[in-house]
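> This structure is in structure tokens; I'll ask about it shortly.
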Amino acid sequence: GNSVTQMEGPVTLSEEAFLTINCTYTATGYPSLFWYVQYPGEGLQLLLKATKADDKGSNKGFEATYRKETTSFHLEKGSVQVSDSAVYFCALPTDSWGKLQFGAGTQVVVTP
Amino acid sequence: DAGVTQSPTHLIKTRGQQVTLRCSPKSGHDTVSWYQQALGQGPQFIFQYYEEEERQRGNFPDRFSGHQFPNYSSELNVNALLLGDSALYLCASSPWRAGGMRDTGELFFGEGSRLTVL
């Protein structure tokens, strides 16, 4: 079935550093791909998505491109802020009814 | 517009007890899903409710059961609690009639109920 694998954390960065979180997927066909973020003490919220190959999702300075050749959906941000400290989850649907398969999550810690 | 609300936010139980967690979906949403998030792990799908019926289920034992009410709110029940049931339980809602996941690709999550089993 559909699955995702993302890099382990924690990732510790200084403010204004470049962030990359790797995510690769295994899927039947070309499902939509998502990045969700979980800030401390909060629920998950959708950060960005891409619905087809070569699509680039973007939000809040984060970007991720749907690469079918490498089955990847890496998350990037050019200049992180302390407020970006959170756990980031790569996810994809396993069916059309809204069931999501999440990666294990990558904790990002940004220091001033 | 209230988002997804869950209660209680924290609770402690002992092995063998039973627990009920509650969820009110975002206004306008009629589909509710429950996920279990163990410490340091990604959320795992438990089940999904639509039109007061369990639409699909993940790999969880029958000790996990649920219910959806006519107002779309939902409950998650866990019987005969085990230490391994300690986790954050997340409720997510989506507007199935509006296309749900296929249109927006977005599930709206509550902040979760953190269950500790001693």
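If you're matching them up, the sequences are chains A and B in order. Heads up, the first sequence is in the numbering used here, so the first residue is 427 and it goes up one at a time. Heads up, the second sequence is in the numbering used here, so the first residue is 691 and it goes up one at a time. C-beta atoms are modelled at their ideal positions from N, C-alpha and C, and glycine is treated no differently. If you're wondering where the values come from, they're calculated on a predicted model, not measured in any experiment.
Report the residue from A/Gln-507, A/Ala-479, A/Val-463, A/Gly-529 whose alpha carbon sits nearest the alpha carbon of A/Thr-450.
As a working mapping, residue 450 of chain A is identified with position 24 in the first sequence. Minimum Cα distance to A/Thr-450 is reached at A/Gly-529.
> Helix, strand or coil: which one does DSSP assign to A/Leu-439?
In the first sequence, the residue the question calls residue 439 of chain A occupies position 13. DSSP places A/Leu-439 in strand when its eight states are reduced to three.
> CB B/Ile-736 to CB B/Leu-808, shorter than 8 Å?
Here residue 736 of chain B is taken as the residue at index 46 of the second sequence, counted from 1. Here residue 808 of chain B is taken as the residue at index 118 of the second sequence, counted from 1. Not a contact, by the Cβ cut-off of 8 Å.
> B/Gly-756 touches chain A at which residues, Cβ-Cβ below 9 Å?
Here residue 756 of chain B refers to the residue found at position 66 of the second sequence. Those do not exist, as B/Gly-756 stays about 15 Å from chain A at its closest Cβ, beyond 9 Å.
> Expressed to the nearest angstrom, what Euclidean distance is found between the alpha-carbon atoms of A/Tyr-465 and B/Leu-780?
Looking up residue 465 of chain A in the first sequence gives position 39. Looking up residue 780 of chain B in the second sequence gives position 90. Roughly 14 Å between the two C-alpha positions.
> For the beta strand (DSSP E) that contains B/Gly-732, what are its first and last residues?
If you number the second sequence from 1, residue 732 of chain B lands on position 42. It is not in any beta strand (DSSP E) - B/Gly-732 carries neither H nor E in the DSSP assignment.
> Could you name the residues of chain B that A/Gly-487 contacts, counting a contact when the two beta carbons are closer than 8 Å?
Here residue 487 of chain A refers to the residue found at position 61 when the first sequence is read from its first residue. Chain B residues near A/Gly-487: none, gap ~19 Å exceeds 8 Å.
> How would you write the range of the beta strand (DSSP E) that A/Thr-431 sits in, first residue to last?
For the purposes of this step, residue 431 of chain A is taken as residue 5 along the first sequence, with counting starting at 1. Residues 429-432.
> By DSSP, does A/Val-508 sit in helix, in strand, or in coil?
For the purposes of this step, residue 508 of chain A is identified with residue 82 of the first sequence, where counting begins at 1. Of the three classes helix, strand and coil, the one that applies to A/Val-508 here is helix, per DSSP.
> Would you verify that the beta carbon of A/Trp-523 is, or is not, closer than 8 Å to some beta carbon of chain B?
Mapped onto the first sequence, residue 523 of chain A falls at position 97. Closer than 8 Å to some Cβ of chain B, the Cβ of A/Trp-523 qualifies, so yes.
> Cutting at 6 Å between CB atoms, please list the residues of its own chain near A/Val-535, excluding the five before and the five after it.
The residue labelled residue 535 of chain A in the question sits at position 109 within the first sequence. Taken in chain order, the residues that qualify are Pro-436, Thr-438, Ser-511.
> Does the beta carbon of B/Gly-774 come closer than 8 Å to any beta carbon on chain A?
For the purposes of this step, residue 774 of chain B is taken as the residue at position 84 of the second sequence. Output row for B/Gly-774: interface = no.
> Looking at the secondary structure, which residues open and close the beta strand (DSSP E) in which A/Gly-524 lies?
In the first sequence, residue 524 of chain A corresponds to position 98, counting from 1. Taken as a continuous stretch (DSSP letters only), A/Gly-524 belongs to no beta strand (DSSP E), as it is neither H nor E.
> In whole angstroms, what separates the C-alpha of A/His-500 from that of B/Gly-706?
Here residue 500 of chain A refers to the residue found at position 74 when the first sequence is read from its first residue. Here residue 706 of chain B refers to the residue found at position 16 when the second sequence is read from its first residue. Whole-angstrom Cα-Cα distance: 43 Å.
> Beta carbon of B/Ser-682, beta carbon of B/Ala-692: below 8 Å?
Any question about residue 682 of chain B goes unanswered here, given that chain B covers just 691 to 808.
> The beta strand (DSSP E) with B/Gly-756 in it runs from where to where?
Reading the second sequence from its first residue, position 66 is the one you call residue 756 of chain B. Element bounds for B/Gly-756: 754-758.
> What's the gap between the Cα of B/Gln-758 and the Cα of A/Ser-458?
As a first step, residue 758 of chain B is located in the second sequence; it is residue number 68 there, counting from the start. As a first step, residue 458 of chain A is located in the first sequence; it is residue number 32 there, counting from the start. The straight-line gap from Cα to Cα measures roughly 28 Å.
> Identify the residues that DSSP records as bridge partners of A/Pro-519: which are they?
Taking the first sequence and counting its residues from 1, the one referred to as residue 519 of chain A is at position 93. A/Leu-526.
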